[in-house]
Amino acid sequence: MSRQRDSAPPGQVRIVGGKWRGTRLAVAALPGLRPSADRVRETLFNWLQPALPGARVLDLFAGTGALGLEALSRGAREALLVEREPALATQLQATVERLRAGDQAQVLRADALALLHAPLHGRFDIVFLDPPFDAGLWAPVLALLPNWLAREAWLYLEAPLDANLEPGPEWLRYREGSTRHVRFALFRRCVGTAATLAADSPADGATTE
-8 MSRQRDSAPP
2 GQVRIVGGKW
12 RGTRLAVAAL
22 PGLRPSADRV
32 RETLFNWLQP
42 ALPGARVLDL
52 FAGTGALGLE
62 ALSRGAREAL
72 LVEREPALAT
82 QLQATVERLR
92 AGDQAQVLRA
102 DALALLHAPL
112 HGRFDIVFLD
122 PPFDAGLWAP
132 VLALLPNWLA
142 REAWLYLEAP
152 LDANLEPGPE
162 WLRYREGSTR
172 HVRFALFRRC
182 VGTAATLAAD
192 SPADGATTE
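Right under this line is the structure:
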């Protein structure tokens, strides 16, 4: 859930699929809050659907929780929703309680980089990385992620159109797409035999408006 200064936030976003389909998530009136668009999330979760059942999910810049909660709605087993801003973390906890998802979703008020330096919360199968666009956090976060990852983890990145979405040799691009404002891509960790698994379907582009 990135924060982009030149874009006014909508009042709500919605969960687009699964058991909570249509549930509205409030977007706090904080400067620069930019939720991932519904159509981007719909595309992403169509790509991810085979990997979701039973997955452990890490949403490092959770904001409204739209990515992590969408994953739970579609079959993920549990999600750690990390958010540094106090108002957003409080709102996110209220959303989890409203959905009665406390047995699956843990809200952690923490700085993402500080958290990744701390002891592990277990290995994660899917990581959502959509940090504030103007903070330059992609590289430092990616450098700290490996110890938190399952062997064949999936990684979602969202960034400005001119960003270089290349997380490194450990990752194989699986799908990518763009809107008028952002680029987004899904990668598969290619440790040992995982490289062949990630290549099950060739990378292609998706464009949404």
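Using the working numbering, the first residue of the sequence shown is number -8, and each one after it goes up by one.
We put the beta carbon where it would ideally sit given N, CA and C, even for glycine.
For residue i, list the residues DSSP reports as bridge partners.
i	result
V132	Paired residue(s): none; V132 is not in a bridge.
Q97	L71
E149	F175
V118	L49, L146
L140	F115
L163	R179
According to the Cβ coordinates, are residue i and residue j closer than 8 Å?
i	j	result
V173	E157	no
A144	R166	no
F201	D116	The structure shown does not extend to residue 201, since the chain spans only -8 to 200, so no value can be given for it.
F175	L63	no
L71	L49	yes
N138	L163	no
L133	G159	yes
Relative to the ligand ADP, is the shortest distance from any of its heavy atoms to the C-beta of residue i smaller than 7 Å?
i	result
W38	Summarising the ligand content, the structure contains no ligands, and the ligand ADP is consequently not present.
Among the options, which one has its Cα closest to the Cα of residue i?
i	options	result
R65	V132, D125, V7, F52	V7
L202	R12, W139, P41	Here the chain covers residues -8 to 200 and nothing more, so residue 202 does not appear.
L146	N138, F178, L63, Q82	F178
T170	V4, R32, R5, A67	R32
V118	K10, E69, G9	E69
L79	A101, T34, W162, A62	A101
A109	V4, L35, A92, L135	L135
F151	R114, G2, P123, L49	Sequence check: residue 151 is Pro here, not Phe. When each option's Cα is compared against that of P151, the closest is P123.
Q3	R91, V132, Q82	Q82
G128	N155, A141, G9, N138	Checking the sequence, you will find Leu at residue 128 rather than Gly. Closest by alpha carbon: N155.
R142	E161, A130, D125, V132	E161
T14	G168, D153, R91	R91
Margin query: Measuring CB atoms only, is the stretch 41 to 52 touching the stretch 11 to 19, in the sense that at least three cross pairs come out at less than 8 Å?
Written below: no
Note to self: Would you call the stretch 63 to 78 in contact with the stretch 98 to 113, where contact means no fewer than 3 C-beta pairs closer than 8 Å?
What the structure shows: yes
Next item on the list: Answer yes if the stretch 54 to 61 comes into contact with the stretch 83 to 100, meaning at least three C-beta pairs across the two stretches below 8 Å, and no otherwise.
Entry: yes
Next item on the list: May I ask you to verify whether the stretch 91 to 100 touches the stretch 27 to 35, counting CB pairs closer than 8 Å and requiring at least 3?
Entry: no
Next item on the list: List in chain order: all unbroken alpha helix (DSSP H) runs of 4+ residues lying wholly within the stretch 2 to 72.
Entry: 29 to 39, 57 to 64
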